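Student:
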Amino acid sequence: MQNVLNTLRVLEELAARQPVGVAELARAMELPKSTVQRALGTLHTAGWIKQTGATPTRWTLTTKALLIGRQATGELGLRDVAVPVMEELRRSVDETVHLAVPEGERVVLVERLETTQPVRIVLPLGQNLSGHASANGKAILAARSPEAIERYLAQDLTRFTATTIDDAAALRTELDTVRARGYALNQGEWREDVSAVAAPVLGPDSSPVASVSINMPTSRCDRERLDSLGEHVRAAAREISTALGYEAPRRARTG
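Be aware that the sequence shown starts at 5, since it is given in this note's numbering, and climbs by one per residue.
Set out below in structure tokens:
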């Protein structure tokens with residue numbers, strides 16, 4: 005077991021330092037060179053790393069790590085599909101456009117395309133967004149299974165501003181509205197100076213894999229404009245979902 009752990013640690017350290025030689029890895033990890041050399045041999049045999057051809061020998065990752073990463077999260081494929089649609093959305097509305105993904109109970113910002121306007125909303129990539137007080141969070145939460153929604157509602161709902169929905173029954177009603185409308189609104193519920201509208205991106209199994217949002221200073225929007233932008237963001241999310249393999253249910257014929 006220790007040999008396996010050492011090999012995985014060497015892979016992680018190599019990824020952070022590549023191209024790198026055995027001596028540098030051994031010093032950085034405080035391991036014997038012989039231990040690191042064995043780990044490198046194992047990784048090379050398995051196809052995870054390759055030599056650069058330089059002297060002395062230095063090692064880099066192969067594309068196998070990238071392929072495994074894509075299969076683990078699907079995030080690179082999502083970005084490939086989403087960013088061109090987000091670019092068109094940003095050009096249409098000239099406001100900041102965000103892409104967020106669910107990670108367990110969290111919602112994490114993974115992509116941002118900024119407006120050309122001088123006053124803008126800037127959130128760092130990797131920012132955790134509220135599941136009940138942000139537009140991205142509500143869009144994803146509303147698209148989750150009833151069981152997942154009830155698990156979320158069972159926890160304490162943090163009150164961020166005077167307009168945060170922190171009552172479970174009220175939030176349940178809000179999520180029903182989000183599903184019926186096709187997009188979620190945030191009017192200063194997470195931060196008073198931030199408003200947004202977001203729609204869920206659905207995967208082939210109809211579960212939410214992301215959300216796309218339009219974000220702006222609260223001072224630059226009202227409810228009428230948010231609803232207008234909601235139509236844009238709903239169309240963008242639908243386009244991304246379709247490209248990812250989602251098929252909307254067909255409506256039953258009447259008459």
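From the three backbone atoms N, C-alpha and C, an ideal C-beta is built for every residue, glycine too.
Remember, predicted model here, so these are calculated numbers, not experimental data.
#1: Taking 8 Å as the cut-off, does the stretch 83 to 103 touch the stretch 52 to 59 (at least 3 CB pairs, one atom from each stretch)?
#2: For E91, collect the residues of the same chain with a Cβ closer than 7 Å to its Cβ; drop the 5 residues on either side in sequence, then sort them by chain order.
#3: How long is the line joining the alpha carbons of R257 and D160, rounded to whole angstroms?
#4: Rounded to whole angstroms, what is the Cα-Cα separation between P212 and V126?
#5: What three-state label does DSSP hand M220 in the structure shown?
#6: What's the C-alpha gap between D180 and A146?
#7: Assign E102 to one of three DSSP states: helix, strand, or coil.
#8: I'd like to know whether the C-beta atoms of L12 and A240 end up nearer to each other than 8 Å.
#9: Report, in whole angstroms, the separation of the C-beta atoms of Q131 and L157, which I expect to be a contact under 8 Å.
#10: Per the DSSP calculation, A202 is bridged to which residue(s)?
#11: Take G141 as the anchor and find which of A43, V216, T49, G57 has the nearest alpha-carbon.
#12: With distances taken between CB atoms, is the gap from V201 to L175 smaller than 8 Å?
#13: Look at A188 and L82 and say whether their C-beta atoms are less than 8 Å apart.
#14: Would you tell me roughly how many angstroms separate the C-alpha atoms of E115 and L103, rounded to the nearest one?
#15: Tell me which residue opens and which closes the beta strand (DSSP E) that V114 is part of.
#16: Can you check whether the CB of A143 is closer than 8 Å to the CB of P204?
#17: Is L206 buried or exposed, if buried means 16 or more other CB atoms sit within 10 Å of its CB?
#18: Just to confirm my understanding: we take R163, look at its own chain, exclude 5 residues before and 5 after, and list those with CB closer than 8 Å. What are they?
#19: Is the shortest distance between the beta-carbon of H236 and the beta-carbons of chain B less than 8 Å?
#20: So, are the CB atoms of V14 and A43 less than 8 Å apart?
#21: Whole angstroms are fine: how far does the CA of G135 sit from the CA of E34?
#22: If I follow the unbroken beta strand (DSSP E) through Q55, where does it start and stop?
Tutor: Walking through what the data contain:
#1: no
#2: L117
#3: In this prediction, R257 scores a pLDDT of 47, lower than 50, which makes its location untrustworthy; no coordinate-derived value is stated.
#4: 24 Å
#5: strand
#6: 7 Å
#7: One point to set straight first is that residue 102 is His, not Glu, in the sequence displayed. In this structure, H102 counts as strand in the three-state DSSP scheme.
#8: no
#9: Q131 to L157, Cβ: 23 Å. No contact.
#10: A188, S217
#11: V216
#12: no
#13: no
#14: 5 Å
#15: 110 to 117
#16: yes
#17: buried
#18: D170
#19: In the structure shown, chain B does not exist; there is a single protein chain.
#20: yes
#21: 42 Å
#22: 53 to 55
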